[in-house]
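First residue of the sequence shown: 62, per this note's numbering; consecutive thereafter.
What follows is a set of notes on a single structure, which appears directly below.
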Amino acid sequence: MGTGASIDREGVSEEGNRDRLDQACGQLYVSLKMENNRKLTANLLPHVYGSLPLVGSWDPLKALPMERDSVSMWELSFVVPPNHETLDFKFLLKPKDNNAPCYVEEGPNRLLIGGALQEDARLALFRLDNGEVLEYQVIVKADRVSPFDLAASWRAYQDNFRPSSVRWMPDVSINSAPQTGGENGSSAGLELDIEHYVVPAPSTSTNSALVYAANMTENPRSLISGFGSSSFSIKDGGVPAMEMEVIVPDPAKVFQSSGMVESKSVGTFSPLQKQESQRGLFVDRGVGSPRLVKSSSSNIFTTGLNLDNDTKNSMPAAAGAVAAAAVADQMLGPKEDRHLAIILVGLPARGKTFTAAKLTRYLRWLGHSTKHFNVGKYRRLKHGANQSADFFRADNSEGVEARNEVAALAFEDMISWMQEGGQVGIFDATNSYKKRRNMLMKMAEGRCKIIFLETICNDVNIIERNIRLKIQQSPDYAEEPDFEAGLQDFKNRLANYEKVYEPVEEGSYIKMIDMVSGHGGQIQVNNISGYLPGRIVFFLVNTHLTPRPILLTRHGESQDNVRGRIGGDTALSEAGELYSKKLANFVRKRLKSERAASIWTSTLQRTILTASPIAGFPKIQWRALDEINAGVCDGMTYEEIKKNMPEEYESRKKDKLRYRYPRGESYLDVIQRLEPVIIELERQRAPVVVISHQAVLRALYAYFADRPLHEIPHIEVPLHTIIEIQMGVTGVQEKRYKLMD
């Protein structure tokens with residue numbers, strides 16, 4: 062048959078089979094790059110010209126311009142039709158002045174057949190009029206791309222570069238009146254009362270207002286079977302002499318035996334299966350899969366930073382400013398400063414336990430390992446809950462000794478927990494006289510840093526309200542059937558404390574004076590330094606007990622939601638537009654009795670469009686409320702990520718909390734940028750409606766619900782559902798409304 066193409070049994074040529082296979086595998090995607098690291102000529106712009114299908118002409122005037130990819134790199138990318146996979150081309154330099162001559166690269170034409178360059182990639186040499194020769198490195202890359210992937214990329218390109226319908230909307234705006242049309246007979250109307258739309262909240266939701274706050278604190282392990290027994294006495298000077306059997310595991314052994322390894326980027330520990338003949342650790346570089354590196358690099362890390370086991374254990378599970386500040390404090394501060402004890406001081410019914418609970422929730426959400434130790438819980442377990450006011454008299458030596466005993470037990474439990482890796486302990490008790498505080502400071506010497514947090518309230522109405530809540534909720538009066546008798550007993554207890562109360566004047570302290578109402582007050586600080594103490598002061602300045610609702614909701618369904626694509630900035634679908642109208646009706650009904658409220662959205666158009674029908678309230682756009690940045694994965698579906706970036710897909714699946722999209726964000730990054738939002742939500746005294754995105758609302762909800770960090774990426778925040786967080790003096794309550802499927 063000579064040199065002709067061979068024929069298979071069915072009469073189809075091998076060349077035809079090859080063409081069919083090539084087309085089935087996808088189209089050819091070609092990337093041409095030129096790089097000049099030595100000398101750049103600003104007035105000469107790289108171009109490409111050649112035969113079909115690249116240009117179709119060797120006329121320099123029709124050459125295709127290359128786009129600048131970096132300071133020294135230029136690129137041109139294109140798709141080659143299946144029937145024209147032979148490219149014949151050359152590079153040329155065109156002056157910005159079109160009348161000036163072009164400079165064509167020297168040497169033969171470049172030939173690309175089926176995605177393969179027919180010669181080694183040689184330098185592109187250009188000889189200028191003055192005899193100077195410019196050299197450019199040439200990089201040619203060709204890949205097979207599915208037509209479906211090309212179509213998806215084009216759709217994403219169109220969506221992302223389509224002008225936003227809210228582009229010129231100001232950051233702060235307000236609709237003066239609701240849109241006409243009403244809700245009667247409209248599908249956007251709400252049937253019956255808004256309570257008709259209430260749906261059950263998840264079993265792990267927050268309803269701390271239904272539980273006595275002290276009962277939510279750390280369990281007294283020194284008093285629970287299996288944690289040993291203790292005997293107690295007070296020596297001269299107020300220092301407890303104790304014979305305690307307290308089990309304090311060696312942190313190095315704890316993490317070694319449990320198969321936990323250190324993560325460089327956040328200083329926390331992640332599970333890693335032991336491998337024979339190879340020691341190593343996970344290094345979280347923030348992008349892609351954690352990589353197993355040899356112990357030589359781990360030695361560089363641990364030796365270079367000079368971090369002992371105690372320091373590593375006390376690092377927060379956080380990113381950004383929190384992680385940077387923690388590393389600096391751990392390296393430069395005294396050893397005892399690696400652990401922080403916040404010791405509450407104040408008379409009963411001054412909001413100590415409530416303040417401690419809020420502070421614990423805030424620090425946990427930031428990534429700091431924090432626990433709340435309530436001495437009253439220890440007292441009830443050790444001595445019973447039915448103690449009368451006489452038990453709290455200063456001249457009752459047995460009562461004083463018993464109360465000091467449980468305080469010392471709780472403090473030792475807190476120190477033991479810190480030695481196992483805890484970072485911040487909140488020690489909740491009256492601690493109302495100097496002798497008790499001196500005892501605690503001596504117990505803490507060389508073990509942790511102490512900051513006293515004193516709460517002072519002079520508003521008799523607030524004190525009376527707190528006392529009544531105490532009688533209703535405290536286990537101390539659970540078996541007292543007569544409310545008035547319990548009320549009188551507690552007031553007698555309060556009088557006993559007032560007789561011996563001594564305000565804090567020693568050591569490092571923070572004083573909150575009449576701050577609980579949210580209307581004025583003052584805060585005093587003494588000898589406060591460091592990142593974390595500073596954040597605590599800033600948080601306390603902005604917190605108060607004013608009851609108000611916070612409504613969290615995702616935007617209405619977007620066009621990318623319909624397509625299953627992440628990120629983007631598309632408009633709403635028909636269902637999303639319907640939800641925006643229903644949401645406006647809901648907000649009008651829910652907040653009709655409120656004097657003021659505000660609507661917060663992200664800067665992405667799907668949240669702004671969702672808020673647009675809401676009238677009568679100011680709307681504020683927050684960049685911090687934007688959806689998690691998916692980086693190079695923006696606009697893709699999870700199936701496309703799984704297919705085209707399998708390592709990234711698996712890395713995200715293994716650890717969604719710490720996984721950072723390439724050139725994008727992780728959930729820990731989102732938490733860091735949301736801290737100003739949390740502070741402002743705490744400061745607000747009027748209702749706030751937050752219209753944002755799934756990842757952002759997961760992080761916000763986790764703060765109010767006090768959910769562990771590792772649960773945040775898995776919290777359920779469905780579309781077209783409103784989560785109402787009610788904040789007030791009794792804690793946090795949650796209610797959910799589902800307006801439509």
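The beta-carbon is built from N, C-alpha and C at its ideal position, and this holds for glycine as well.
Predicted model only: the values in this text are computed from it and were never measured.
Which word fits residue i, buried or exposed, when buried means at least 16 other C-beta atoms lie within 10 angstroms of its C-beta?
{"i": "residue 547", "result": "buried"}
{"i": "residue 233", "result": "exposed"}
{"i": "residue 527", "result": "buried"}
{"i": "residue 517", "result": "buried"}
{"i": "residue 142", "result": "exposed"}
{"i": "residue 70", "result": "Residue placement at residue 70 is flagged as unreliable, the pLDDT there being 37, under the threshold of 50; the coordinate-derived value follows with that caveat. Label assigned to residue 70: exposed."}
{"i": "residue 126", "result": "exposed"}
{"i": "residue 147", "result": "exposed"}
{"i": "residue 557", "result": "buried"}
{"i": "residue 661", "result": "buried"}
{"i": "residue 595", "result": "exposed"}
{"i": "residue 640", "result": "buried"}
{"i": "residue 227", "result": "buried"}
{"i": "residue 670", "result": "buried"}
{"i": "residue 306", "result": "Here the model assigns residue 306 a pLDDT of 37, short of 50, so the residue's position is not dependable, and the following value carries that caveat. With fewer than 16 other Cβ atoms within 10 Å, it is exposed."}
{"i": "residue 583", "result": "exposed"}
{"i": "residue 754", "result": "buried"}
So what does DSSP say about residue i, is it helix, strand or coil?
{"i": "residue 169", "result": "coil"}
{"i": "residue 260", "result": "strand"}
{"i": "residue 254", "result": "coil"}
{"i": "residue 722", "result": "coil"}
{"i": "residue 707", "result": "helix"}
{"i": "residue 185", "result": "strand"}
{"i": "residue 603", "result": "helix"}
{"i": "residue 423", "result": "helix"}
{"i": "residue 204", "result": "strand"}
{"i": "residue 565", "result": "coil"}
{"i": "residue 127", "result": "coil"}
{"i": "residue 328", "result": "Only weak support exists for where residue 328 lies, its pLDDT of 33 falling under 50; the coordinates are left without a value."}
{"i": "residue 278", "result": "coil"}
{"i": "residue 737", "result": "helix"}
{"i": "residue 363", "result": "With a pLDDT of 35 at residue 363, under the threshold of 50, the modelled position of this residue cannot be trusted; read the value that follows with caution. Here residue 363 sits in helix by DSSP."}
{"i": "residue 464", "result": "helix"}
{"i": "residue 494", "result": "coil"}
Report the partner residues of residue i according to the DSSP bridge assignment.
{"i": "residue 576", "result": "Bridge partners of residue 576: none, in fact."}
{"i": "residue 796", "result": "785"}
{"i": "residue 660", "result": "680 and 750"}
{"i": "residue 481", "result": "None; residue 481 has no bridge partner."}
{"i": "residue 111", "result": "118 and 150"}
{"i": "residue 215", "result": "The partner list for residue 215 (beta bridge, DSSP) is empty, contrary to what the question assumes."}
{"i": "residue 586", "result": "571"}
{"i": "residue 610", "result": "787"}
{"i": "residue 174", "result": "147 and 177"}
Have a look at residue i and residue j and give me their C-alpha separation to the nearest angstrom.
{"i": "residue 712", "j": "residue 400", "result": "32 Å"}
{"i": "residue 551", "j": "residue 279", "result": "24 Å"}
{"i": "residue 701", "j": "residue 621", "result": "14 Å"}
{"i": "residue 115", "j": "residue 94", "result": "15 Å"}
{"i": "residue 809", "j": "residue 498", "result": "With the chain covering 62 to 802 only, the question about residue 809 has no answer from this structure."}
{"i": "residue 724", "j": "residue 740", "result": "28 Å"}
{"i": "residue 625", "j": "residue 96", "result": "38 Å"}
{"i": "residue 460", "j": "residue 792", "result": "31 Å"}
{"i": "residue 225", "j": "residue 666", "result": "7 Å"}
{"i": "residue 414", "j": "residue 467", "result": "17 Å"}
{"i": "residue 381", "j": "residue 730", "result": "7 Å"}
{"i": "residue 185", "j": "residue 430", "result": "58 Å"}
{"i": "residue 432", "j": "residue 512", "result": "15 Å"}
{"i": "residue 633", "j": "residue 802", "result": "15 Å"}
{"i": "residue 162", "j": "residue 87", "result": "39 Å"}
{"i": "residue 549", "j": "residue 680", "result": "49 Å"}
{"i": "residue 531", "j": "residue 448", "result": "15 Å"}
Using a beta-carbon distance below 9 Å, is residue i in contact with chain D?
{"i": "residue 98", "result": "Of the chains in the structure shown, none is chain D; there is only one protein chain."}
ask   = Is the region 768-785 touching the region 612-629 in the sense that three or more CB pairs, one from each, lie closer than 8 Å?
value = yes
query = Can you find at least 3 beta carbon pairs, one from the region 535-555 and one from the region 495-508, that sit closer than 8 Å?
reply = no
query = Any contact of the region 691-699 with the region 754-764, i.e. 3+ C-beta pairs under 8 Å?
reply = no
query = Per the contact definition of three or more C-beta pairs closer than 8 Å, is the region 103-119 in contact with the region 152-159?
reply = yes
query = Below 8 Å, can you find three or more Cβ-Cβ pairs linking the region 644-662 to the region 672-690?
reply = yes
message = Can you confirm whether the region 482-491 touches the region 404-411 when touching is taken to mean that 3 or more C-beta pairs between the two stretches lie within less than 8 Å?
response = yes
inquiry  = Measuring CB atoms only, is the region 730-744 touching the region 420-437, in the sense that at least three cross pairs come out at less than 8 Å?
reply    = yes
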